[in-house]
Amino acid sequence: NAGVTQTPKFQVLKTGQSMTLQCAQDMNHNSMYWYRQDPGMGLRLIYYSASEGTTDKGEVPNGYNVSRLNKREFSLRLESAAPSQTSVYFCASREKGGTHEQYFGPGTRLTVT
Amino acid sequence: GQQLNQSPQSMFIQEGEDVSMNCTSSSIFNTWLWYKQDPGEGPVLLIALYKAGELTSNGRLTAQFGITRKDSFLNISASIPSDVGIYFCAGQLNSGGSNYKLTFGKGTLLTVNP
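Residue numbers (our numbering), protein chains in the order written: chain A, 82 to 194; chain B, 115 to 228.
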């Protein structure tokens, strides 16, 4: 049981390049989330998917798109990377039901030059 | 957006000391969670709280859900070097529209000197 996995672990992009961050969970969770973490800013929600087939904007969605490919996978796409998107990106998932506990992946460290 | 005020921002303590940190909000929360993040890793859930006044322990960690539902506290007793990391509080608002989302504090960076 791997929990939440993310690929790649590290990535360097040039301004204007595009890329997709991959996330998968094997816990049969309904909801999935993408956060970014910047120094002194804590975790900020980019997009989330409450259930398969739905996606919604979070606090900082500009410059990103997401796809809930199936129940297991939730990808984050940067269409035209900017230096302001240099950050550590975390994917998380949450099971259906009354609890609100989210479980996080190990993160992707992205640098945009 | 909604903000949680987490304090202190950082702490430098000696091994063996007790630690206390807290989060406060102007809004009511249904759930409080405490996470720990080790350097280079993702946050790991430590304790979850679901009822006002609830006091829950996990080893040397104890957390409480404030009676007003607007705050929570985390205490670590007899700290050890592996307690080093960033501790985050997170809350789920008492609002149907926010049912799927958590609000995070900005974290408390804990350093433990051996």
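Note that beta-carbon positions come from the ideal geometry of N, C-alpha and C, so glycine has one too.
None of the values given here were measured: they were computed from a predicted structure.
Within chain B, the residues that residue i reaches when beta carbons sit closer than 7 Å
{"i": "Ala131 (chain A)", "result": "Tyr214"}
{"i": "Phe171 (chain A)", "result": "Gly156"}
Chain-ordered neighbours of residue i on chain A, where CB pairs are closer than 9 Å
{"i": "Gln206 (chain B)", "result": "His181"}
{"i": "Ala162 (chain B)", "result": "Thr180, His181 and Glu182"}
Cβ of residue i within 9 Å of any chain B Cβ
{"i": "Gly144 (chain A)", "result": "no"}
{"i": "Leu126 (chain A)", "result": "yes"}
{"i": "Asp137 (chain A)", "result": "yes"}
{"i": "Arg175 (chain A)", "result": "yes"}
Under 7 Å from the C-beta of residue i: neighbouring residues of chain A
{"i": "Lys220 (chain B)", "result": "Gly121, Met122 and Gly123"}
Per-residue contacts from residue i into chain B (C-beta, under 9 Å)
{"i": "Pro187 (chain A)", "result": "Gly154, Glu155 and Gly156"}
Neighbour flag for residue i against chain A, beta carbons, 9 Å
{"i": "Tyr149 (chain B)", "result": "yes"}
{"i": "Asn227 (chain B)", "result": "no"}
{"i": "Thr145 (chain B)", "result": "yes"}
{"i": "Gln241 (chain B)", "result": "In the structure as shown, chain B begins at 115 and stops at 228. Residue 241 (chain B) is therefore absent and cannot be evaluated."}
{"i": "Gln120 (chain B)", "result": "yes"}
Chain B contact residues for residue i, given Cβ-Cβ distances below 8 Å
{"i": "Ser112 (chain A)", "result": "Tyr214"}
8 Å Cβ cut-off: residues of chain A touching residue i
{"i": "Phe202 (chain B)", "result": "Gly123 and Leu124"}
{"i": "Leu159 (chain B)", "result": "Glu182, Gln183 and Tyr184"}
* Which ranges would you report for the beta strand (DSSP E) in the segment 114-188 of chain A if only whole runs of at least 3 residues count? -> 123-130, 145-149, 155-159 and 168-175
* Asked: Taking one C-beta from the segment 127-146 of chain B and one from the segment 191-205 of chain B each time, how about it: are there three or more such pairs within less than 8 Å?
  -> yes
* **Meets three-Cβ-pair contact criterion under 8 Å: the segment 146-154 of chain A and the segment 100-112 of chain A** => yes
* Those runs of the alpha helix (DSSP H) which lie wholly inside the segment 151-187 of chain B and span at least 4 residues -> none
* Take every Cβ of the segment 83-97 of chain A, pair it with every Cβ of the segment 177-194 of chain A, and state whether three or more of those distances are shorter than 8 Å. => yes
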